[in-house]
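Data block below; observations after.
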Amino acid sequence: MKVLITGGAGYIGSTVASACEDAGHEVVILDDFSTGRREFVRDRAVYEGDFADEALLGRIFAEHAIDAVVHCAAKIVVPESVEMPLDYYENNVAKTITLLRAMDRAGVHRFLFSSSASIYAPDENFVVTEASPLSPGSPYARTKYMVEMILEDYTKASDMKVLSLRYFNPIGTDPQLRSGQQLEKPSHVLAKLLEAWSKGETFTVTGVEWPTRDGSGIRDFIHVWDLAQAHVAALEGFDKATAESSYEVFNIGTGNGVTVKELAASFEEISGDPLKVTYGPPRPGDVAGVYTVSSKAKDVLGWEAKLTEQEAVRDAIAWLPVRKEMLGY
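Numbering that gives the first Met the number 0 numbers the first residue of the sequence shown as 0 and each following residue consecutively.
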């Protein structure tokens, strides 16, 4: 299978690309390198530009017999989405429509969408399945929700078939250290832990009055390599998964809820160093969090998470010196 990965030079996209290649698939990368890294592309076919550039998309589809598109290009920083909602709606929603039109013109009708568990409305136990109520709590989350609605409608009116993977909280890095978290000032919790630990600074738990077992937010932390393997399983099982319905959603998580305080404790255990920890208010757009109890991905795609958050912490720590040598920070 030949797969076009938008955002394929980013943290998740590059890891998905490696997993696809390891499984024997060919990848083509489209990235504007606003956050992606050229070092992560290596010898892959790569096109630099916006994923809504119609001329560029036409060229890609003319030069490659693409079997499926994995759409990983999106703005993802929740507080930034609160400050710049129009930028998020334009990039994440409007441009995705342009991409879909280009796919249709090219006769490419398999679309694997990077969605988000942030669209869920948590219950009192913070557990969700694909059938749980949806209530996105930030402009970022609403862009994911809106695209899902667009995709479902579009599959009913066209030949497009879509699998939406609702990511929970990716952490860690490719165990082979081919790529990883690339941002110098990242916003994700494990990246913040790594930054504080490596610089001897204080880690701030943002939000400690949530109705969870210890007051901090609860998350379903999934190793990014498990997440990448879920994409491979979805691509390889795409036609079977969409045989009866052209639009399907899958929760991609571990099934375990871990609080931010518990992740910090795991980090201390793996690193062997005590952390300096303080507590602060939630960031704009933050929510208490959820974790999945669904087995749909296992039942339909044959995929389930195999790696623990402790292994993700270990791999993330191992990535730091590689990142410094590769990226300079």
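All residues carry an ideal CB built from backbone N, CA and C; glycine is no exception.
Q. Going by DSSP, which residues form a beta bridge with Pro-169?
A. Counting from one through the sequence shown, the residue named residue 169 turns up at place 170. In DSSP, Pro-169 forms a bridge with Ile-221.
Q: Go ahead and pull the three-state DSSP assignment for Ile-269.
A: Position 270 of the sequence shown, counted from the first residue, corresponds to residue 269. DSSP places Ile-269 in helix when its eight states are reduced to three.
Q: Give me the Cα-Cα distance between Ala-296 and Ser-197, rounded to the nearest whole angstrom.
A: Here residue 296 refers to the residue found at position 297 when the sequence shown is read from its first residue. Here residue 197 refers to the residue found at position 198 when the sequence shown is read from its first residue. In a straight line, the C-alpha of Ala-296 is about 36 Å away from that of Ser-197.
**Q.** For Lys-275, the residue or residues it bridges with in DSSP
**A.** Reading the sequence shown from its first residue, position 276 is the one you call residue 275. Its beta-bridge partners are Thr-201.
Q) Sorted by chain position, which residues of the same chain lie with C-beta nearer than 8 Å to Glu-129's C-beta, five sequence neighbours on each side aside? A) Taking the sequence shown and counting its residues from 1, one reaches residue 129 at position 130. Within the same chain, Glu-129 has close Cβ partners Arg-165, Val-248, Phe-249, Asn-250, Ser-293 and Lys-295.
Q) For Ala-156, which option in Arg-100, Tyr-290 and Lys-94 has the closest C-alpha, if you only look at C-alpha atoms? A) Counting from 1 along the sequence shown, the entry for residue 156 is found at position 157. Considering only alpha carbons, the answer is Arg-100.
Q: Specify whether the stretch 88–97 and the stretch 40–55 touch according to this definition: at least 3 beta carbon pairs, one from each stretch, less than 8 Å apart.
A: yes
Q. Going by other Cβ atoms of all chains shown within 10 Å of its Cβ, with 16 needed for buried, is Thr-291 buried or exposed?
A. Numbered from 1 along the sequence shown, position 292 holds the residue referred to as residue 291. Thr-291 is buried by the Cβ-count criterion.
Q.
I believe Thr-205 touches Lys-275 by the beta-carbon criterion, under 8 Å. Please report the beta-carbon distance rounded to the nearest angstrom.
A. Taking the sequence shown and counting its residues from 1, one reaches residue 205 at position 206. Taking the sequence shown and counting its residues from 1, one reaches residue 275 at position 276. That belief does not hold up - the Cβ atoms of Thr-205 and Lys-275 are roughly 15 Å apart, past 8 Å.
Q.
Comparing C-alpha positions only, which one of Gly-35, Phe-220 and Phe-110 sits nearest to Thr-241?
A. Translated into positions along the sequence shown, residue 241 becomes position 242. When only C-alpha atoms are compared, the closest one is Phe-110.
Q: Compare the C-alpha of Leu-389 against each of Ser-117, Ile-65, Tyr-139 and Val-321 and name the closest.
A: This structure does not reach residue 389, given that the chain is present from 0 up to 328, and the question cannot be answered.
Q. Going by DSSP, which residues form a beta bridge with Asn-250?
A. As a first step, residue 250 is located in the sequence shown; it is residue number 251 there, counting from the start. DSSP output for Asn-250 lists Arg-165 as bridge partner(s).
Q) Within this structure, are the beta carbons of Ala-304 and His-222 separated by less than 8 Å? A) Walking along the sequence shown from the start, residue 304 turns up at place 305. Walking along the sequence shown from the start, residue 222 turns up at place 223. In contact: Ala-304 and His-222 (Cβ atoms closer than 8 Å).
Q: Let me know if Ala-253 comes out buried or exposed under the rule of 16 or more other beta-carbons within 10 Å of its beta-carbon.
A: Here residue 253 corresponds to residue number 254 of the sequence shown, with the count starting at 1. Looking at the sequence shown, residue 253 is not Ala but Thr. That one is buried.
Q. Which residues bound the alpha helix (DSSP H) around Asp-329?
A. The structure shown does not extend to residue 329, since the chain spans only 0 to 328, so no value can be given for it.
Q: Taking only the alpha-carbon atoms, compute the straight-line gap between Asp-30 and Ala-72 and give it to the nearest angstrom.
A: Translated into the one-based positions of the sequence shown, residue 30 becomes position 31. Translated into the one-based positions of the sequence shown, residue 72 becomes position 73. If I take the Cα positions, the gap works out to 8 Å.
Q: Let me know if Thr-154 comes out buried or exposed under the rule of 16 or more other beta-carbons within 10 Å of its beta-carbon.
A: Translated into positions along the sequence shown, residue 154 becomes position 155. It is buried - the Cβ of Thr-154 has at least 16 other Cβ atoms within 10 Å.
Q: Rank Tyr-139, Ser-115 and Val-161 by C-alpha distance to the C-alpha of Ile-149 and give the top, closest one.
A: Residue numbering aside, residue 149 sits at position 150 when the sequence shown is read from its first letter. The shortest C-alpha separation from Ile-149 is found at Val-161.
Q) Between which two residues does the beta strand (DSSP E) carrying Tyr-46 extend? A) Walking along the sequence shown from the start, residue 46 turns up at place 47. First-last of the beta strand (DSSP E) with Tyr-46: 44–47.
Q. For Pro-169, which residues of its own chain have a beta-carbon under 7 Å away from its beta-carbon, when the five flanking residues on both sides are left out?
A. Position 170 of the sequence shown, counted from the first residue, corresponds to residue 169. Cβ neighbours of Pro-169 beyond the five flanking positions: Ile-11, Ile-221, Val-223 and Leu-226.
(Q) Which of the three DSSP states is assigned to Asp-310 in this structure? (A) By 1-based counting over the sequence shown, the position of residue 310 is 311. Contrary to the premise, residue 310 reads as Glu rather than Asp in this sequence. Three-state DSSP puts Glu-310 in a helix.
Q | Per-residue burial, Tyr-119 [other beta carbons within 10 Å of its own, 16 or more giving buried] | A | Numbered from 1 along the sequence shown, position 120 holds the residue referred to as residue 119. Buried.
**Q.** Local conformation of Asp-152 per DSSP, three classes
**A.** Taking the sequence shown and counting its residues from 1, the one referred to as residue 152 is at position 153. Helix.
Q) So, is Glu-147 buried or exposed, given that buried needs 16 or more other C-beta atoms within 10 angstroms? A) Counting from one through the sequence shown, the residue named residue 147 turns up at place 148. The residue in question, Glu-147, is buried, as its Cβ has 16 or more Cβ neighbours within 10 Å.
Q: In the DSSP assignment, find the alpha helix (DSSP H) that holds Arg-58 and state where it starts and stops.
A: One-based indexing of the sequence shown puts residue 58 at position 59. It spans 53–62 - the alpha helix (DSSP H) in which Arg-58 sits, taken as one unbroken run.
Q) Grouping DSSP H, G and I as helix and E and B as strand, with all else coil, what is Leu-29? A) For this step, residue 29 is matched to residue 30 along the sequence shown. Here Leu-29 sits in strand by DSSP.
Q.
Among Ser-80, Pro-135 and Gly-288, whose alpha-carbon lies nearest the alpha-carbon of Gly-214?
A. In the sequence shown, residue 214 corresponds to position 215, counting from 1. Among Ser-80, Pro-135 and Gly-288, the Cα nearest to that of Gly-214 belongs to Gly-288.
Q. So which of Asp-21, Val-2, Val-299 and Gln-180 has the shortest CA-CA distance to Asp-314?
A. Working through the sequence shown from its first residue, we reach residue 314 at position 315. Measuring from the Cα of Asp-314, the nearest candidate turns out to be Gln-180.
Q: Measure the beta-carbon distance from Ala-61 to Val-2 and round it to whole angstroms, keeping in mind my assumption that it falls under 8 Å.
A: Within the sequence shown, residue 61 is the residue found at index 62, counting from 1. Within the sequence shown, residue 2 is the residue found at index 3, counting from 1. That pair is no contact at about 17 Å.
Q: For the beta strand (DSSP E) containing Ala-67, list its first residue and its last residue.
A: Within the sequence shown, residue 67 is the residue found at index 68, counting from 1. It spans 67–70 - the beta strand (DSSP E) in which Ala-67 sits, taken as one unbroken run.
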